[in-house]
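Right, one structure below, let's go through it.
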Amino acid sequence: MKSKNHLPQYTTKNMEQLSTIEQEEYRKIKEELIQRKVNDENITVEKEDIISLINQKSINSDKIYNKLENDLNGYGKIDGLLKDDELEEVMIIGNSKPVYVYHRIKGMMITDITLSEIEIRQIINKIANYVHRKIDKQTPILDARLPDGSRVNATIPPITADGPTLTIRKFKKEQLTILDLIKSNSISAHLAAFLWINIDGMDVRPSNIIISGGTGSGKTTTLNTLTSFIPLKERIITIEDILELQIPQDHVIRTEIRPPNIEGKGEISMDVLLKNSLRQRPDRIIVGEVRSKEAITLFGALNTGHSGMGTLHANSTQETITRLTNPPMNVPSIMINSIDFILMQNRIYHPEKGIIRRVTEVSEVVGMEQNTPQLNEIYRYDYSKDALEYVAVSSNALNEIANMKGLSNHDILDEISKREEYLQQNIANKRSNIYETKQILNKYYDY
Ligand SMILES: Nc1ncnc2c1ncn2[C@@H]1O[C@H](COP(=O)(O)OP(=O)(O)OP(=O)(O)O)[C@@H](O)[C@H]1O
Ligand SMILES: [Mg+2]
Numbered sequence: 001m002k003s004k005n006h007l008p009q010y011t012t013k014n015m016e017q018l019s020t021i022e023q024e025e026y027r028k029i030k031e032e033l034i035q036r037k038v039n040d041e042n043i044t045v046e047k048e049d050i051i052s053l054i055n056q057k058s059i060n061s062d063k064i065y066n067k068l069e070n071d072l073n074g075y076g077k078i079d080g081l082l083k084d085d086e087l088e089e090v091m092i093i094g095n096s097k098p099v100y101v102y103h104r105i106k107g108m109m110i111t112d113i114t115l116s117e118i119e120i121r122q123i124i125n126k127i128a129n130y131v132h133r134k135i136d137k138q139t140p141i142l143d144a145r146l147p148d149g150s151r152v153n154a155t156i157p158p159i160t161a162d163g164p165t166l167t168i169r170k171f172k173k174e175q176l177t178i179l180d181l182i183k184s185n186s187i188s189a190h191l192a193a194f195l196w197i198n199i200d201g202m203d204v205r206p207s208n209i210i211i212s213g214g215t216g217s218g219k220t221t222t223l224n225t226l227t228s229f230i231p232l233k234e235r236i237i238t239i240e241d242i243l244e245l246q247i248p249q250d251h252v253i254r255t256e257i258r259p260p261n262i263e264g265k266g267e268i269s270m271d272v273l274l275k276n277s278l279r280q281r282p283d284r285i286i287v288g289e290v291r292s293k294e295a296i297t298l299f300g301a302l303n304t305g306h307s308g309m310g311t312l313h314a315n316s317t318q319e320t321i322t323r324l325t326n327p328p329m330n331v332p333s334i335m336i337n338s339i340d341f342i343l344m345q346n347r348i349y350h351p352e353k354g355i356i357r358r359v360t361e362v363s364e365v366v367g368m369e370q371n372t373p374q375l376n377e378i379y380r381y382d383y384s385k386d387a388l389e390y391v392a393v394s395s396n397a398l399n400e401i402a403n404m405k406g407l408s409n410h411d412i413l414d415e416i417s418k419r420e421e422y423l424q425q426n427i428a429n430k431r432s433n434i435y436e437t438k439q440i441l442n443k444y445y446d447y
């Protein structure tokens, strides 16, 4: 079967056109505003100032206000893209090249926008200023976060050949919840119930979980939704490169690394944050993405009785273990045993559904044989049915919970079914945000 080999076009929703008279007024007001206080493009113009100037003229104020607000306080030509919640990513690849976007359903698209080097640099400088950092020839890479939470990476020559680039992972205004993931079939209700029991551990045995997958496969999102299963009484500490997690609980300490300054000093790494968190009596440690020597610290903590969760970049369960046990992470194989479950997360192109995200495998680490971690497959995704199937004969983690609580295996499977049903009942109701979802989950314990 032939498939189309060209990118769909994303046409920008043109801002309302200004008439010639309006354009003239717009130009005058903008000049006046700039003269008044904005000799620096990074200073936010007060909305009231724009409105008061517009009100002095007899013109269509809404159109002009929107354009001024966009030009002065927004991100110029890409502002519309950043406001479109249907887009996951906005990508500028260099001077005078089309801007690309990643659409939630259609995937990669090409836009009708191009920017000059100056325009791209203005946007990058604005972002750098906002986070009080510099980007220049000596430090040509910038990782930052926009005020709305979007994650940004910018590069400039000499490390990029065709001019400055900008990659923005847009922050989704409405964070997905576990109920959303069940509804969209990203995760099955059965797996959600299974993880719920293993994350709250029925008060006796919380599990340690790694969510693994490729770039943009939805690892952070899944991790975020699973945190709503953490019991309210726990003290949670999160450690991230760039703050992304939004945990719907009160007792959370959120920490973020500090990159080195221009002289290469002052870095506070993931490892430092993690070691520090261990002095803060955490119940649950959540590491945004494990990728370097903090892995040993994390596994040390898990081996000494702390509970944790995190994401990791890898394409299979086996590769997850290989990456953990090799440089730069170097976790001794014996320590891998402290992970209970590895979830594989995937971004898949489905001919009818477009881009979909699925948990495609769950494996349990069940012990060691000749220094090699042994895996037991618990869930397996069937591509043809687009369904996740429970394939486990048994689960060590569940057996231990059963033993510790004096329950039979049958009782535990019954509890999974009850929670599965409860989740399913609740997806039928109106959509709940992450905080409401947390309340819904809490109510379950009252029954
Ligand atoms: N299950 C899902 N259903 C729909 N959209 C999703 C799902 N999971 C993630 N997304 C969207 O996909 C994008 C990428 O998600 P996320 O940041 O969780 O991926 P990631 O694997 O952590 O990426 P990275 O490798 O860059 O860290 C986000 O815009 C997010 O809203
Ligand atoms: Mg991520």
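If you read the sequence shown in this note's numbering, its first letter stands for residue 1, the second for the next number, and so on. Ideal Cβ positions, reconstructed from N, Cα and C, are used throughout, including at glycine.
Screening all residues for a C-beta within a distance smaller than 6 Å of any heavy atom in ligand 2 leaves Lys-219, Thr-220, Glu-289 and Thr-311, in chain order.
If you look at Glu-289, you'll find it in the beta strand (DSSP E) that goes 284-289. The DSSP-derived three-state label of Ile-230 is coil. Judged by the Cβ position, Ser-207 fails to qualify as a neighbour of ligand 1 at the 6 Å threshold, every heavy atom of the ligand being at least this far. In the three-state DSSP reduction, Phe-194 falls in the helix class (H, G or I).
Here Asp-386 is actually not in contact with Val-365; their C-beta atoms are around 27 Å apart, not less than 8 Å. 7 Å or more divides the Cβ of Leu-388 from the Cβ of Ser-150. Boundaries for Ser-292: no alpha helix (DSSP H) harbours it, and the DSSP string shows neither H nor E there.
Glu-294 sits buried, since 16 or more C-beta atoms from the chains shown fall within 10 Å of its C-beta. In the structure shown, Thr-167 adopts extended strand secondary structure according to DSSP, grouped into three states.
A buried status is given to Glu-119, since no fewer than 16 other beta-carbon atoms sit within 10 Å of its beta-carbon.
Boundaries of the beta strand (DSSP E) harbouring Gly-107: 107-114, taken from the DSSP string. When secondary structure is reduced to three states using DSSP, Asn-399 falls in the helix class. By a beta-carbon distance limit of 8 Å, Ile-237 contacts Pro-282. Their separation comes to about 4 Å. Beyond the five residues adjoining it in sequence on each side, Ile-268 comes within less than 7 Å, by CB distance, of Ile-257 and Arg-258 in the same chain, given in chain order.
Straight-line measurement puts the Cα of Ile-286 at about 9 Å from the Cα of Leu-245. In the structure shown, Leu-142 falls within a strand segment according to DSSP collapsed to helix, strand and coil. Between the region 203-217 and the region 346-364, the count of C-beta pairs closer than 8 Å reaches three or more; the two stretches touch. Pairing Ala-154 with Leu-142 gives a Cβ-Cβ distance under 7 Å. Within the region 328-382, the complete alpha helix (DSSP H) segments of 4 residues or longer fall at 333-336, listed in chain order. Beta-bridge partners assigned by DSSP to Tyr-445: none are found. The beta carbons of Ile-168 and Pro-140 sit no closer together than 7 Å. Beta-bridge analysis with DSSP links Ala-154 to Leu-142 and Leu-166. Val-131 sits in coil when the DSSP states are folded into three classes, being neither helix nor strand. Your pair Ile-110 and Leu-7 checks out as a contact, with CB atoms roughly 5 Å apart and the cut at 8 Å. Residue environment: Met-329 is assigned as buried (16 or more neighbouring CB atoms within 10 Å of its CB, all protein chains considered). Ranked by Cα distance from Asp-241, the options Ile-135, Thr-225, Pro-260 and Leu-232 are led by Pro-260.
If you check the C-beta of Ser-277 against ligand 1, you find no heavy atom less than 6 Å away. At the C-beta level, Leu-423 and Ser-228 stay beyond 7 Å of one another. Scanning its chain for C-beta atoms nearer than 8 Å, with the 5 sequence neighbours on each side dropped, one finds around Ile-113 the residues Thr-12, Lys-77, Ile-78, Leu-81, Pro-98 and Val-99, in chain order. Val-90 sits in a strand when the DSSP states are folded into three classes. With a beta-carbon spacing of about 4 Å, Ile-434 and Pro-248 fall inside the 8 Å limit used to define contacts. Taken through DSSP and simplified to helix, strand or coil, Leu-245 comes out as coil.
Taking 7 Å as the cut-off, the Cβ atoms of Ile-342 and Thr-360 do not count as close.
Thr-155 has its CB no nearer than 6 Å to any heavy atom of ligand 1. For the pair Leu-166 and Ile-92, the CB atoms are nearer than the 7 Å cut-off.
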